[in-house]
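Below is one structure, written out as structure tokens; comments come after it.
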Amino acid sequence: MARMKFICDAERCIECNGCVTACKQENEVPWGVNRRRVVTINDGVAGEKSISVACMHCSDAPCMAVCPVDCFYRTEEGVVLHDKDMCIGCGYCFYACPFGAPQFPQAGAFGMRGKMDKCTFCAGGPEKDNSKEEFAKYGSNRLAQGKLPACAEMCSTKALLGGDGDVISDIFRDRALKRGKGAEVWGWGTAYGKPDNPQQQAPKGAKS
Amino acid sequence: MRATIAGVRYFLLGLMLFLPLLGATAWAQAQEGRVQETQAQRQQVQPGNNAPVWRNVRSGTEGYTSVQGRETGVLIQTQGQTWRELRNGPIALYGGWLVMLVLIAIGVFYMWHGPIGLHSPPTGKMVERFSSFERIAHWTMAISFCILAVSGLTMLFGKYVLLPLIGHTLFGWLATLGKNLHNFVGPVFMFSIVVFAAKFIRDNIPRAYDITWLVKGGGVLSGEVVPSGRFNAAEKIWFWGGVIALGTVSSASGLVLDFPNFDQTRALMMLANIVHVIAAIVFIVWSFTHIYLGTVGTTGAYEAMRDGYVDETWAREHAQYWYEDVKAGRRAPPSGTSDTAGATTAPQIQHGGD
Amino acid sequence: MISVRKFVFAGASLIAVVAITGCGEKEQVVVYQQGKYQGKADTKPWENDPGASLYTTSKWKAGDKSGWENALKSRNQNQNEYTRAE
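Protein chains in written order, with numbering that gives the first Met the number 0: chain D, 0 to 207; chain C, 0 to 353; chain Z, 0 to 85.
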């Protein structure tokens with residue numbers, strides 16, 4: 000069973016912002032909305048590290064917990080989605096989110112927030128898959144086309160991995176072993192807490 | 000000899016207790032040194048170790064990002080979790096119980112005591128209690144307060160109380176309406192507080208007889224008629240504690256939340272939200288008692304604020320000193336005219352009770 | 000005519016019953032459980048035919064969940080340059 004997750008490899012991210020551009024292009028997000036962003040720590044000094052961040056689709060999602068209208072839901076693959084028809088633009092999910100993922104296009108005077116917009120793991124929304132309505136509200140539904148998030152698939156250095164958590168952590172583990180450093184899986188402790196099954200061993204032999 | 004052994008033993012015991020302490024301090028100092036170490040320094044000794052970077056990420060320090068917006072340089076902020084636990088935990092739980100218990104208490108009091116009536120029969124002669132300006136100020140405040148209270152309670156408790164009853168679609172529509180009303184009615188309420196305070200501050204200055212009134216509990220239980228000024232001590236406390244204090248606190252915190260276009264940080268908005276919710280719940284619960292006493296709880300009180308006139312018996316029993324002052328001509332009636340024409344043309348209102 | 004007292008009492012007790020049901024301390028959010036769908040109605044990604052979408056590389060039959068998962072898994076390997084280099 001797939002459980003969708005993101006990994007960003009800080010050793011590889013070169014801050015090209017290709018993922019940000021890919022996301023904007025793929026989903027045609029509204030003005031002022033950035034579902035994904037690249038943050039550089041120690042910018043310009045030795046030890047500089049860049050990380051691409053978006054919604055991590057948390058297991059115990061704070062946005063879901065604080066939403067006053069309960070507009071969030073979660074798919075079988077662990078993707079956290081929301082229904083824009085119910086969203087009231089209160090901004091509570093933006094307060095609660097550790098990653099700063101929820102975005103609000105400005106709607107009207109005094110900085111009034113419009114409907115929340117965030118990374119959907121390229122899985123659209125509650126409307127019919129790949130329909131015009133779904134695309135207009137949530138962007139592309141690549142999962143329903145048998146594809147993975149555009150940001151991860153477009154990453155030039157393969158720093159950003161997106162897909163089934165088991166598969167991408169195998170890829171990442173393999174990589175970290177070969178280079179002998181940088182095995183930290185960024186943000187997973189915050190997003191997914193303790194593993195579902197800590198005793199579980201990685202499947203032997205098969206790279207799956 | 001024995002004393003020496005005992006001494007050595009105590010010395011050793013002391014050493015055992017003290018040494019780990021020394022060790023701990025040294026260890027802590029070493030840790031502190033490491034915490035201050037930058038990634039550049041760490042890479043000199045351990046090229047593959049990114050611990051200082053991850054420490055930076057966890058501490059919420061802002062990095063560089065080309066994406067513009069509020070705190071976009073922060074990778075992980077941890078205050079959100081605290082806010083979530085406070086809001087969804089104790090605030091929602093105890094706030095909900097407070098609202099419920101006060102409503103139940105008011106209901107029980109009404110069943111047991113009934114409305115506070117008049118001790119003597121009404122004279123039929125009316126005296127002006129509130130000018131039309133005062134009534135407009137009061138009702139602007141009251142109506143905006145009710146809109147804010149209902150929409151605010153929906154924001155906090157609607158998910159658990161209303162949503163299971165009416166479903167997501169209707170509730171989402173109502174909540175959108177409520178949120179927009181809340182955002183736009185809020186400033187109206189703030190304005191009405193200023194007008195209301197300026198108009199009524201004179202009659203709400205505490206006096207010595209207010210203490211007597213409070214000690215006697217307003218004579219509600221004893222059935223005694225306790226004299227007071229235009230407003231009694233409980234109304235004065237409601238004015239200062241409710242309208243002025245809670246009004247200011249909830250308005251100030253509400254302004255932080257109402258205008259998110261000044262790039263205030265999430266931490267500030269969450270703090271404002273906590274203050275706003277707590278102040279508002281106390282305000283709402285307190286207002287229940289005011290609304291009760293101003294409508295079914297006191298005979299003639301609602302008519303006083305609706306029409307502006309009360310019976311002379313009502314005035315003497317509920318605001319004796321004020322009534323005597325007006326009768327003796329020591330102060331003008333609320334609308335300012337000192338002639339008694341108002342009293343004769345006043346609508347005749349029945350103070351029957353139910 | 001219904002007396003005010005009865006009317007108020009009936010109204011208050013109705014509100015009390017409705018509101019007290021919301022007062023319990025309950026789980027605020029469902030924590031993700033492997034493979035459980037939680038929330039509102041939505042079409043599952045494997046329920047449509049991949050041929051319907053443009054430029055599709057993954058193949059599975061509409062409604063074939065494991066087929067869809069395998070298609071995604073094999074596509075995931077495009078992100079693994081060690082297998083690509085071999």
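Beta carbons: idealized from backbone N, C-alpha and C, even for Gly.
Quiz item: Which value, in whole angstroms, describes the spacing of the CA atoms of C/V187 and C/M140?
Solution: Within the second sequence, numbered from 1, the residue matching residue 187 of chain C stands at position 188. Within the second sequence, numbered from 1, the residue matching residue 140 of chain C stands at position 141. Going by the C-alpha atoms only, they are around 8 Å apart.
Quiz prompt | Interface positions of the stretch 282 to 295 of chain C facing chain Z (Cβ-Cβ less than 7 Å), listed along the chain | solution = Answer set for the stretch 282 to 295 of chain C: V295.
Quiz item: Run through DSSP, which three-state label would C/H275 get?
Solution: Indexing the second sequence from 1 puts residue 275 of chain C at position 276. Three-state DSSP puts C/H275 in a helix.
Exercise. For the alpha helix (DSSP H) holding D/M111, just list the boundary residues, first then last.
Key: By 1-based counting over the first sequence, the position of residue 111 of chain D is 112. Taken as a continuous stretch (DSSP letters only), D/M111 belongs to no alpha helix (DSSP H), as it is neither H nor E.
Quiz prompt | Classification of Z/N75 by the beta-carbon crowding that lies within 10 angstroms, buried from 16 upward | solution = Translated into the one-based positions of the third sequence, residue 75 of chain Z becomes position 76. Burial is judged here by how many other beta carbons sit within 10 angstroms of a residue's own beta carbon; Z/N75 has at least 16 and is buried.
Quiz item: Does the stretch 51 to 58 of chain D come close enough to the stretch 86 to 94 of chain D to have 3 or more Cβ pairs within less than 8 Å?
Solution: Taking 8 Å as the limit for Cβ pairs, the verdict is that the stretch 86 to 94 of chain D does not touch the stretch 51 to 58 of chain D.
Self-check item: contact_flag[the stretch 26 to 36 of chain D, the stretch 160 to 177 of chain D] where n(CB pairs < 8 Å) is 3 or more
Solution: Short answer: they don't touch.
Quiz item: Listing by chain order, which chain D residues have their CB less than 8 Å from the CB of C/S260?
Solution: As a first step, residue 260 of chain C must be located in the second sequence, where it is residue number 261. Looking at the sequence itself, residue 260 of chain C is Asn, so the reference to Ser does not match. Chain D residues near C/N260: Q105, F109 and G110.
Quiz item: How about D/C96 and C/G79: are their beta carbons less than 8 Å apart?
Solution: One-based indexing of the first sequence puts residue 96 of chain D at position 97. One-based indexing of the second sequence puts residue 79 of chain C at position 80. The criterion of a C-beta distance shorter than 8 Å is satisfied by D/C96 and C/G79.
Quiz item: Hey, out of C/S252, C/D257 and C/A318, whose CA is closest to D/A108's CA?
Solution: By 1-based counting over the first sequence, the position of residue 108 of chain D is 109. Comparing Cα-Cα distances from D/A108 to each of C/S252, C/D257 and C/A318, the minimum goes to C/D257.
Quiz item: Under a CB-based cut-off of 8 Å, is C/Q38 close to chain D?
Solution: Locating residue 38 of chain C in the second sequence gives position 39, counting from the first residue. C/Q38 counts as touching chain D.
Self-check item: Residue burial classification, D/M85 (beta-carbon count within 10 angstroms, cutoff 16)
Solution: Stepping through the first sequence from its first residue, residue 85 of chain D is reached at position 86. Classification of D/M85: buried, given that the 10 Å Cβ count is 16 or more.
Quiz item: When the cut-off is 8 Å and only beta carbons count, does C/V56 lie next to chain D?
Solution: Position 57 of the second sequence, counting from 1, holds the residue named residue 56 of chain C. Answer yes: the Cβ-Cβ gap between C/V56 and chain D drops below 8 Å somewhere.
Quiz item: Is C/S131 helix, strand or coil by DSSP?
Solution: Position 132 of the second sequence, counting from 1, holds the residue named residue 131 of chain C. Looking at C/S131 - three-state DSSP - the assignment turns out to be helix.
Practice problem: Out of C/H317, C/N272 and C/P226, point me to the one whose CA is closest to C/I90's CA. | Solution: Walking along the second sequence from the start, residue 90 of chain C turns up at place 91. It is C/N272.
Quiz prompt | Neighbourhood of Z/A11 by C-beta distance below 6 Å, restricted to the same chain and skipping five residues each side | solution = Against the third sequence, residue 11 of chain Z aligns to sequence position 12. Nothing listed; no residue qualifies.
Self-check item: Exposed unless 16 or more other CB atoms sit within 10 angstroms - verdict on Z/V28
Solution: For this step, residue 28 of chain Z is matched to residue 29 along the third sequence. Any answer about Z/V28 is weak, because its pLDDT of 47 lies below 50 and its placement is not dependable; what the coordinates show is given next. Around the Cβ of Z/V28, a 10 Å sphere holds 16 or more other Cβ atoms; the residue is buried.
Practice problem: Starting from the C-beta of D/H81, find all residues in its chain whose C-beta is less than 6 Å away, skip the five residues before and the five after it, and write them out in chain order. | Solution: Along the first sequence, one-based indexing puts residue 81 of chain D at 82. Apart from sequence neighbours up to five positions away, the residues of its chain that approach D/H81 with a beta-carbon distance below 6 Å are C70 and F71, ordered along the chain.
Quiz item: Taking one C-beta from the stretch 62 to 74 of chain C and one from the stretch 96 to 105 of chain D each time, how about it: are there three or more such pairs within less than 8 Å?
Solution: They touch, by the three-pair rule.
Quiz item: Using a C-beta to C-beta distance shorter than 7 Å, which residues of chain C count as neighbours of Z/A15?
Solution: As a working note, residue 15 of chain Z is residue 16 in the third sequence. Chain C residues near Z/A15: M99, L102 and I103.
Quiz prompt | Nearest-angstrom beta carbon gap, D/M3 and D/F134 [assumed within contact, 8 Å] | solution = Residue numbering aside, residue 134 of chain D sits at position 135 when the first sequence is read from its first letter. Residue numbering aside, residue 3 of chain D sits at position 4 when the first sequence is read from its first letter. About 20 Å separates the two Cβ atoms, so there is no contact after all.
Quiz prompt | Coil, strand or helix - C/L74 by DSSP | solution = The sequence position of residue 74 of chain C within the second sequence is 75, counting from 1. Three-state result, C/L74: coil.
Quiz item: Grouping DSSP H, G and I as helix and E and B as strand, with all else coil, what is C/Q42?
Solution: As a position in the second sequence, residue 42 of chain C is number 43, starting the count at 1. Residue state, collapsed to three classes: helix.
Self-check item: Short CB-CB distance (under 8 Å) between D/I87 and chain Z
Solution: Within the first sequence, residue 87 of chain D is the residue found at index 88, counting from 1. Among the residues facing chain Z, D/I87 is not included, as its CB has no counterpart in that chain under 8 Å away.
Exercise. Using 10 angstroms around the beta-carbon of C/W321, count the other beta-carbons present and answer buried if the total reaches 16, otherwise exposed.
Key: The sequence position of residue 321 of chain C within the second sequence is 322, counting from 1. With 16 or more other Cβ atoms within 10 Å, it is buried.
Quiz item: So, helix, strand or coil for D/M3, using DSSP?
Solution: One-based indexing of the first sequence puts residue 3 of chain D at position 4. Strand at D/M3.
Exercise. Go through its chain and collect everything with a Cβ distance to C/I142's Cβ below 7 Å, but skip five positions before and after it.
Key: By one-based count along the second sequence, residue 142 of chain C stands at place 143. Leaving aside the five residues that flank C/I142 on each side, none in its chain has a CB nearer than 7 Å to its CB.
Self-check item: Classification of C/V225 by the beta-carbon crowding that lies within 10 angstroms, buried from 16 upward
Solution: In the second sequence, the residue the question calls residue 225 of chain C occupies position 226. Its Cβ being crowded by 16 or more others within 10 Å, C/V225 is buried.
Quiz item: Should D/A158 be listed as close to the ligand MG, given that the test is whether its C-beta is under 7 Å from any heavy atom?
Solution: Summarising the ligand content, the structure contains no ligands, and the ligand MG is consequently not present.
Quiz item: Under the DSSP definition of a beta bridge, which residues are partnered with C/M125?
Solution: Start at 1 with the first residue of the second sequence, and residue 125 of chain C comes out as number 126. Partner(s): C/D310.
Quiz item: Between Z/A11 and chain C, is there a C-beta pair that is closer than 8 Å?
Solution: One-based indexing of the third sequence puts residue 11 of chain Z at position 12. Closer than 8 Å to some Cβ of chain C, the Cβ of Z/A11 qualifies, so yes.
Quiz item: Considering only residues of the same chain and omitting the five flanking positions on each side of D/N16, which have a CB-CB separation below 8 Å?
Solution: Residue 16 of chain D sits at position 17 when you count from the first residue of the first sequence. Hits under 8 Å: V37.
Quiz item: In terms of residues, what are the limits of the beta strand (DSSP E) holding D/K48?
Solution: The residue labelled residue 48 of chain D in the question sits at position 49 within the first sequence. Residues K48 to V52.
Quiz item: Does the beta carbon of Z/A61 come closer than 8 Å to any beta carbon on chain D?
Solution: Indexing the third sequence from 1 puts residue 61 of chain Z at position 62. Not flagged as an interface residue toward chain D: Z/A61, since no C-beta distance is shorter than 8 Å.
Quiz prompt | Segments of 4+ residues assigned as alpha helix (DSSP H) that fall wholly inside the stretch 105 to 179 of chain D | solution = The alpha helix (DSSP H) runs lying completely inside the stretch 105 to 179 of chain D and spanning 4 residues or more are 131 to 137, 149 to 153 and 164 to 178, given in chain order.
Quiz item: Is Z/S57 close to chain D, meaning its C-beta is less than 8 Å from at least one C-beta of that chain?
Solution: Your numbering for residue 57 of chain Z matches position 58 in the third sequence. Answer yes: the Cβ-Cβ gap between Z/S57 and chain D drops below 8 Å somewhere.
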